[in-house]
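Trainee: I have a structure I would like to understand better, so I am pasting it below and will then ask my questions one at a time.
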Amino acid sequence: MEQALGGMGGRAADHPVMRLAEAVNAHAGLVRRGERIDTTMLLEYGDTPFLVQIRRGRVDAVTRGPFVMPSWDFALRASAAEWDAHWQAVPAPGHHDLMAMIKRRTLRLEGDATPFMRNLFYFKAVLASLRPGGSLDSVAPLPVAPDAPGARR
Amino acid sequence: MNAAFEPIVGRYLRLDIDGRPHRVYVEEAGQGIPLVCLHTAGSDTRQYRGLMNDPRILQHFRVIAFDLPWHGKSSPPAGWHREEYRLTSQSYVTAVLTVCEALGLDRPALIGCSIGGRIVLKLALEHPERFRALIGLQAGAHVDPYYDLGWLHRPDAHGGEVCSAVVSGLVAPTAPDSERWETLWHYMQGGPGVFKGDLYFYKIDGDIRREIERIDTTKCPLWLLSGEYDYSCTPQETEDVGRRVRGAQVAIMPGLGHFPMSEDPERFITHLLPVLEQIRAQKG
């Protein structure tokens with residue numbers, strides 16, 4: 723996959739999306755659920771695009787746009803207000819789930835839907851990982867391997 | 411040792427539905443007024459485990475639930491491997507009436523959720539004399555498709571994973587995790603193509619927007635209860651039905667989603683008990 727020309731957006735670390743790698747990679751169950759996933763997702767937060775590169779379930783890189791020639795497999799596009807509502811600790815009805823946002827036509831899925839739909843629990847959890855508190859118990863089944871640290875005996 | 415049987419007893423019923431031999435799983439608990447329960451698309455009778463374990467309900471009601479053919483422990487009919495499963499208004503009405511008749515039920519009360527809520531409206535329209543009360547949960551007259559239903563059944567995607575993940579957000583965020591994941595487990599266990607086949611009824615064949623105003627609630631009372639987090643059948647859509655059906659009694663249930671009886675039985679039953687009280691108080 724070609725690398726996008728990115729990183730032109732200034733103080734990237736301040737943006738919630740830039741916390742995605744840390745939030746996802748810290749969660750062993752989430753990384754495990756995504757272990758078959760290699761994809762690049764364009765995440766649009768209002769006017770600001772981000773390229774999220776996922777390799778074997780880990781977020782390898784998050785790059786903030788604008789981009790000259792972004793290359794991605796699928797895109798999730800919503801307004802800043804929609805994402806902010808989704809990232810509340812207990813989101814309001816209609817804002818609480820990616821499919822709910824798609825039904826309300828406030829989230830658009832574009833490109834090749836295959837990685838997204840085959841791994842819908844994974845991507846719901848990836849986006850929900852930016853909520854304060856960080857528990858994904860209600861979002862996806864994320865078992866860790868029986869011999870992993872912290873696994874239930 | 412901490413072990414106890416629940417009051418639920420299940421059996422297999424052999425009967426013909428629409429001229430084809432079927433093996434249908436039926437379970438029941440309690441005594442009194444028959445209350446037949448219809449599960450949602452792609453799921454099964456386990457959704458009603460909360461009702462069927464609640465002594466306040468079992469004291470006065472004989473709660474009966476059956477798995478639609480192809481669902482849960484009901485088999486698909488012989489020859490299923492050569493046909494694509496599709497639920498229609500006609501086949502759904504026939505299945506409900508045939509099972510009720512086979513069980514010898516005298517004007518049972520009927521409760522149905524989602525596709526079950528839709529068929530409650532259809533039965534209110536066409537067969538009100540067969541029931542003493544109708545309760546539609548998450549009942550709307552129509553739902554537009556909002557995703558490509560093909561994802562629910564294709565050989566390169568795990569149907570159980572996809573079906574469950576598609577509906578997971580229909581459970582309210584406030585639901586207890588144990589009940590949430592029990593509810594979603596049922597979706598993970600559905601047969602290939604069954605959820606998709608049910609949605610043919612829900613989103614295409616079962617559109618009754620133009621008919622619901624003809625429902626006569628003087629022939630059979632109708633209650634509509636909907637959880638506020640449901641984005642498939644939204645509270646607005648239930649309220650719309652309530653406005654158009656004279657005499658329908660509508661309640662929106664805070665903190666509940668699309669599977670109220672399964673995702674949070676305790677909370678749901680607080681809304682159901684007053685309805686059941688009214689059914690008990692009915693004459694005849």
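First to last, the sequence lines map onto chains A and B. Under the working numbering, think of the first position of the first sequence as 723, with each following residue one higher. Under the working numbering, think of the first position of the second sequence as 411, with each following residue one higher. Built from N, CA and C at the ideal position, the CB exists for glycine as well.
(1) Whose Cβ in chain B lies nearer than 7 Å to the Cβ of Ser860(A)?
(2) So which residues on chain A does Ser356(B) lean against when the C-beta distance must stay under 7 Å?
(3) If we count Cβ pairs, one from each stretch, closer than 8 Å, do we get three or more for the segment 842 to 859 of chain A versus the segment 563 to 582 of chain B?
(4) Work out the CA separation of His596(B) and Ser672(B) for me, nearest whole Å.
(5) Can you give the Cα-Cα distance for Leu562(B) and Ala835(A), rounded to whole angstroms?
(6) With distance defined between alpha-carbon atoms, name the residue in Ile689(B), Val434(B), Leu666(B) and Arg624(B) nearest to Thr508(B).
(7) With 8 Å as the threshold, decide whether the Cβ of Tyr641(B) is near any Cβ in chain A.
(8) Taking 8 Å as the CB-CB limit, is Glu571(B) close to chain A?
(9) Could you give the residue range of the alpha helix (DSSP H) that holds Phe678(B)?
(10) State the DSSP-derived secondary structure class of Pro455(B), mapped to helix, strand or coil.
(11) For His432(B), tell me which candidate among Ser642(B), Pro487(B) and Ile545(B) has the shortest Cα-Cα distance.
(12) Any idea if Phe415(B) is buried or exposed, counting beta-carbon neighbours within 10 angstroms, 16 or more meaning buried?
(13) Under a CB-based cut-off of 8 Å, is Ala822(A) close to chain B?
(14) Output needed in chain order: residues of the segment 789 to 818 of chain A with a Cβ under 8 Å from some Cβ in chain B.
(15) Could you check if Gly442(B) is buried or exposed, using at least 16 other CB atoms within 10 Å of its CB as the buried criterion?
(16) State yes or no: is the beta carbon of Arg840(A) nearer than 8 Å to at least one beta carbon in chain B?
(17) For His682(B), which option in Gly667(B), Arg656(B), Leu635(B) and His552(B) has the closest C-alpha, if you only look at C-alpha atoms?
(18) Starting from Leu533(B), follow its DSSP beta bridges and name the residues at the other end.
(19) Work out the CA separation of Leu445(B) and Pro417(B) for me, nearest whole Å.
(20) Taking CB distances under 8 Å as the criterion, tell me whether Pro837(A) reaches chain C.
(21) Who are the neighbours of Ala661(B) on chain A, taking C-beta pairs under 8 Å?
(22) So, do the segment 544 to 551 of chain B and the segment 469 to 486 of chain B have three or more beta carbon pairs nearer to each other than 8 Å?
(23) Could you tell me the distance, in whole angstroms, from the CA atom of Arg590(B) to the CA atom of Leu559(B)?
(24) Taking all protein chains shown into account, decide if Arg656(B) is buried (16 or more other Cβ within 10 angstroms of its Cβ) or exposed.
(25) Using a Cβ cut-off of 8 Å (strictly closer), state whether Pro863(A) contacts chain B.
(26) Taking the continuous alpha helix (DSSP H) assigned at Trp591(B), which residues delimit it?
(27) Take the Cβ of Ala519(B) as the centre, count every other Cβ of all protein chains shown within 10 Å, and call the residue buried at 16 or more, exposed below.
(28) Can you give me, in chain order, the residues of the segment 608 to 622 of chain B that have a beta carbon less than 8 Å from any beta carbon in chain A?
(29) Please state whether DSSP places Ala519(B) in a helix, a strand or coil.
(30) According to a CB-to-CB cut-off of less than 8 Å, which residues of the segment 546 to 569 of chain B neighbour chain A?
(31) Can you give me the start and stop residues for the alpha helix (DSSP H) that Cys510(B) sits inside?
(32) Comparing C-alpha positions only, which one of Arg677(B), Thr504(B) and Phe669(B) sits nearest to Glu536(B)?
(33) Could you check if Pro664(B) is buried or exposed, using at least 16 other CB atoms within 10 Å of its CB as the buried criterion?
(34) Could you give the DSSP three-state label for Arg653(B): helix, strand or coil?
Mentor: This is what the structure holds:
(1) Taking the first sequence and counting its residues from 1, one reaches residue 860(A) at position 138. What Ser860(A) touches in chain B: Pro583, Asp587 and Arg590.
(2) Only positions 411 to 694 of chain B appear in the structure, and residue 356(B) is not among them; the question remains open.
(3) yes
(4) Within the second sequence, residue 672(B) is the residue found at index 262, counting from 1. Within the second sequence, residue 596(B) is the residue found at index 186, counting from 1. In a straight line, the C-alpha of Ser672(B) is about 10 Å away from that of His596(B).
(5) Working through the second sequence from its first residue, we reach residue 562(B) at position 152. Working through the first sequence from its first residue, we reach residue 835(A) at position 113. Spanning the two alpha carbons is a distance of roughly 13 Å.
(6) The residue given as residue 508(B) occupies position 98 in the second sequence. Considering only alpha carbons, the answer is Val434(B).
(7) Looking up residue 641(B) in the second sequence gives position 231. Cβ-Cβ to chain A under 8 Å: yes for Tyr641(B).
(8) For the purposes of this step, residue 571(B) is identified with residue 161 of the second sequence, where counting begins at 1. Cβ-Cβ to chain A under 8 Å: yes for Glu571(B).
(9) One-based indexing of the second sequence puts residue 678(B) at position 268. From DSSP, the alpha helix (DSSP H) with Phe678(B) extends over Pro675 to Ala691.
(10) The sequence position of residue 455(B) within the second sequence is 45, counting from 1. In the sequence under discussion, the amino acid at residue 455(B) is Thr, which differs from the Pro named in the question. Reduced to three states, the DSSP call for Thr455(B) is helix.
(11) Position 22 of the second sequence, counted from the first residue, corresponds to residue 432(B). When only C-alpha atoms are compared, the closest one is Pro487(B).
(12) Within the second sequence, residue 415(B) is the residue found at index 5, counting from 1. Under this definition Phe415(B) is an exposed residue.
(13) The residue given as residue 822(A) occupies position 100 in the first sequence. Yes, contact with chain B.
(14) Val812, Pro813, Pro815, Gly816 and His818
(15) Numbered from its first residue, the second sequence carries residue 442(B) at position 32. Counting Cβ neighbours within 10 Å, Gly442(B) comes out exposed, since fewer than 16 surround it.
(16) Sequence index remark: in the first sequence, residue 840(A) carries index 118 (1-based). It does: the Cβ of Arg840(A) has a partner Cβ on chain B nearer than 8 Å.
(17) The residue you call residue 682(B) lines up with position 272 of the second sequence. It is Leu, not His, that sits at residue 682(B) in the sequence shown. When each option's Cα is compared against that of Leu682(B), the closest is Leu635(B).
(18) The count along the second sequence starts at 1 and reaches residue 533(B) at position 123. Answer is none; Leu533(B) lacks a bridge partner.
(19) Position 7 of the second sequence holds residue 417(B). Position 35 of the second sequence holds residue 445(B). For Pro417(B) and Leu445(B), the distance between alpha carbons rounds to 15 Å.
(20) Among the protein chains of the structure shown, namely A and B, there is no chain C.
(21) Residue 661(B) sits at position 251 when you count from the first residue of the second sequence. Within chain A, no residue comes near Ala661(B); the closest Cβ sits about 16 Å away, beyond 8 Å.
(22) no
(23) For the purposes of this step, residue 590(B) is taken as residue 180 along the second sequence, with counting starting at 1. For the purposes of this step, residue 559(B) is taken as residue 149 along the second sequence, with counting starting at 1. Approximately 23 Å, taken between the alpha carbons.
(24) By one-based count along the second sequence, residue 656(B) stands at place 246. Arg656(B) should be labelled exposed.
(25) Within the first sequence, numbered from 1, the residue matching residue 863(A) stands at position 141. It does: the Cβ of Pro863(A) has a partner Cβ on chain B nearer than 8 Å.
(26) One-based indexing of the second sequence puts residue 591(B) at position 181. Note, Trp591(B): alpha helix (DSSP H), Asp587 to Met598.
(27) To locate residue 519(B), count along the second sequence from 1; it is residue 109. Per the 10 Å Cβ criterion, buried.
(28) none
(29) On the second sequence, position 109 is the one that residue 519(B) refers to. In this structure, Ala519(B) counts as strand in the three-state DSSP scheme.
(30) Tyr556, Tyr557, Asp558, Trp561, Asp566, Ala567 and His568
(31) Within the second sequence, the letter at position 100 stands for residue 510(B). Note, Cys510(B): alpha helix (DSSP H), Ser499 to Ala512.
(32) Working through the second sequence from its first residue, we reach residue 536(B) at position 126. Residue Thr504(B) is the option with its Cα nearest to Glu536(B).
(33) The residue labelled residue 664(B) in the question sits at position 254 within the second sequence. Its Cβ having fewer than 16 others within 10 Å, Pro664(B) is exposed.
(34) In the second sequence, counting from the first residue as 1, residue 653(B) sits at position 243. In the structure shown, Arg653(B) sits in a helix (DSSP, three-state: H, G or I).
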